[in-house]
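Undergrad: Same order as they appear, the protein sequences are chains A and B.
FYI, the numbering for the first sequence is 1 to 146, going by our numbering.
FYI, the numbering for the second sequence is 1001 to 1146, going by our numbering.
In this text, a Cβ means the ideal position worked out from N, Cα and C, and glycines have one as well.
Number of protein chains: 2
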Amino acid sequence: MKEPTFPDSPLADLCRERGLKLTGQRRTIAFVLSDSDDHPDVEELYRRAVEVDPRISIATVYRTVRLFEENGILQRRDFGGGRARYEVADGDHGDHYHLIDADSGKVIEFENPELDALLDNIVREMGYDLVTTRLSVVGRRKAKPR
Amino acid sequence: MKEPTFPDSPLADLCRERGLKLTGQRRTIAFVLSDSDDHPDVEELYRRAVEVDPRISIATVYRTVRLFEENGILQRRDFGGGRARYEVADGDHGDHYHLIDADSGKVIEFENPELDALLDNIVREMGYDLVTTRLSVVGRRKAKPR
DNA sequence: TTGCAAATGATAATCTTTCTCATTAATAGG
DNA sequence: CCTATTAATGAGAAAGATTATCATTTGCAA
């Protein structure tokens, strides 16, 4: 059986750095994730992974995605629709947020330092340190963009 | 069989106002919801509803909760843990948000007009009208509150 | 009060995710 | 480089949450 060849992805390196065993499947999944700039669910990740290496099972995708989330490599998102979706975790810099088009369901990412700061403040004043922010706003395209 | 007697709740009125048929079960569920100030999941709602009127099935709770959500009476929340949780929808005034204790999982509600305004602004500048905000911040209690 | 469309109850079916367990593979040490 | 050990994987079963089915019941308008 032939091993598919592709370079180690940034996420694969991250995986090794965290002391996780870098198996072929994890290498593949990490590659696929590094290559994605959207928010795939597990089914979709599995589809993409199989393209790269058919010797992979959906159970492993579930396992890997969970492992990566526990290790801060991935973040799980819920945009409705019943299945969890994943994206590469933000670095130490600013978080990013999601605007969901109420009609099309399309997900638009945005950043906003002012929002970062305000949230940090609010949480601190309540006596907590901010760990994660899960924010998605649902919006409807304005009828008359001026 | 005896009908349980209790007054129409605010949510029951809302239900009628929206032109939804006010069945005994919906009246019961609305009552239970009006009486709750937490974020019960369907199982928990079912438990509370059965207390009031045992002639109710969990299927109906699922159906009602979905109906109420579609009609803007309830909002569905995801705090992790695999099941959807529900709360009475905010009025036209300010939204409210959730701080989740990272260690205990406890949900703490808060409001913040500044945050309302900022989100509204951000979304407007992206060409959208804000429909709903889903925000929960996960925080960890500070070790040394000064 | 009656008729009918809609809602309900009980349970089957579906969908997503996790678990089980026999097999396979990664890695440290020789 | 080879081997042993320990963890990861594959395939499918199982679990958990939610939705669908269909015969029966009920709200509500006429």
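Can you check which of these residues, B:1109, B:1098, B:1015, is closest to residue 1070 (chain B) by C-alpha distance?
TA: Considering only alpha carbons, the answer is B:1015.
Undergrad: Can residue 96 (chain A) and residue 79 (chain A) be called in contact, C-beta distance under 9 Å?
TA: No, these two residues do not count as a Cβ contact at 9 Å.
Undergrad: Is it a yes or a no for the stretch 1058 to 1070 of chain B touching the stretch 1112 to 1121 of chain B, going by three-plus beta-carbon pairs under 8 Å?
TA: The stretch 1058 to 1070 of chain B, when compared against the stretch 1112 to 1121 of chain B, does not touch it at the 8 Å Cβ threshold.
Undergrad: Hey, could you find the ends of the alpha helix (DSSP H) residue 1108 (chain B) is sitting in?
TA: Careful: residue 1108 (chain B) lies outside any alpha helix (DSSP H), inside the beta strand (DSSP E) at 1107 to 1110.
Undergrad: Please report how far the alpha carbon of residue 1035 (chain B) lies from the alpha carbon of residue 1090 (chain B), in whole angstroms.
TA: For residue 1035 (chain B) and residue 1090 (chain B), the distance between alpha carbons rounds to 15 Å.
Undergrad: Take residue 1107 (chain B) and list the residues in its own chain whose beta-carbon comes closer than 7 Å to its own, dropping the five residues that flank it on each side.
TA: Once the five neighbours on either side are set aside, the close Cβ partners of residue 1107 (chain B) are 1039, 1079, 1098, 1100.
Undergrad: Could you pull the DSSP bridge partners for residue 13 (chain A) from this structure?
TA: BP columns for residue 13 (chain A) are empty, so no partner.
Undergrad: Kindly say whether residue 107 (chain A), judged by its beta-carbon, lies nearer than 9 Å to any beta-carbon of chain B.
TA: Not one chain B Cβ lies under 9 Å of residue 107 (chain A).
Undergrad: Residue 1130 (chain B) and residue 1119 (chain B) look like a contact to me (Cβ under 8 Å); what is the Cβ gap, rounded to whole Å?
TA: Confirmed, about 6 Å.
Undergrad: Just to confirm before moving on: does the CB-CB distance between residue 1137 (chain B) and residue 141 (chain A) stay below 9 Å?
TA: Result no, Cβ atoms of residue 1137 (chain B) and residue 141 (chain A) do not sit closer than 9 Å.
Undergrad: What are the boundary residues of the alpha helix (DSSP H) that residue 60 (chain A) is part of?
TA: Residues 58 to 70.
Undergrad: Could you check whether residue 83 (chain A) and residue 42 (chain A) sit closer than 9 Å to each other, using their CB atoms as the reference points?
TA: It is a contact, given that the beta carbons lie within the stated cut-off.
Undergrad: With a CB to CB cut of under 6 Å and the five nearest residues on each side skipped, what residues in its chain are close to residue 27 (chain A)?
TA: Excluding sequence neighbours, residue 27 (chain A) sits near 12.
Undergrad: Is residue 1104 (chain B) close to chain A? Criterion is C-beta to C-beta, closer than 9 Å.
TA: No, residue 1104 (chain B) does not count as interfacial toward chain A.
Undergrad: Buried or exposed for residue 18 (chain A), please, with buried defined as at least 16 other CB atoms from any protein chain shown within 10 angstroms of its CB.
TA: Exposed, because fewer than 16 other Cβ atoms sit within 10 Å of the Cβ of residue 18 (chain A).
Undergrad: Taking just the CA atoms, how far does residue 1085 (chain B) sit from residue 1126 (chain B)?
TA: C-alpha separation (whole angstroms): 30 Å.
Undergrad: Taking Cβ-Cβ distances shorter than 7 Å, what residues in chain A pair up with residue 1114 (chain B)?
TA: Residues of chain A passing the Cβ test: 118.
Undergrad: Below 7 Å CB to CB, which residues in the same chain sit around residue 1056 (chain B) once its five sequence neighbours on both sides are set aside?
TA: The answer, listed in chain order, is 1025, 1028, 1049, 1050.
Undergrad: Are residue 1030 (chain B) and residue 1068 (chain B) touching if we call contact CB-CB under 9 Å?
TA: A contact, by the Cβ cut-off of 9 Å.
Undergrad: By Cβ distance, which residues of its chain are closer than 8 Å to residue 46 (chain A), with the 5 residues on each side in sequence left out?
TA: Only 56, 58, 61 meet the Cβ criterion.
Undergrad: At which residues does the beta strand (DSSP E) containing residue 1116 (chain B) begin and terminate?
TA: Premise fails: residue 1116 (chain B) lies in the alpha helix (DSSP H), 1113 to 1125, not in any beta strand (DSSP E).
Undergrad: Hey, out of B:1104, B:1044, B:1132, whose CA is closest to residue 1075 (chain B)'s CA?
TA: Cα-wise, what sits closest to residue 1075 (chain B) is B:1132.
Undergrad: Quick check on DSSP: helix, strand or coil for residue 20 (chain A)?
TA: Coil, per DSSP.
Undergrad: With 16 other CB atoms within 10 Å as the buried threshold, where does residue 37 (chain A) fall?
TA: It counts as exposed.
Undergrad: Identify which residue in B:1054, B:1020, B:1064 has its Cα closest to the Cα of residue 1033 (chain B).
TA: Closest by alpha carbon: B:1064.
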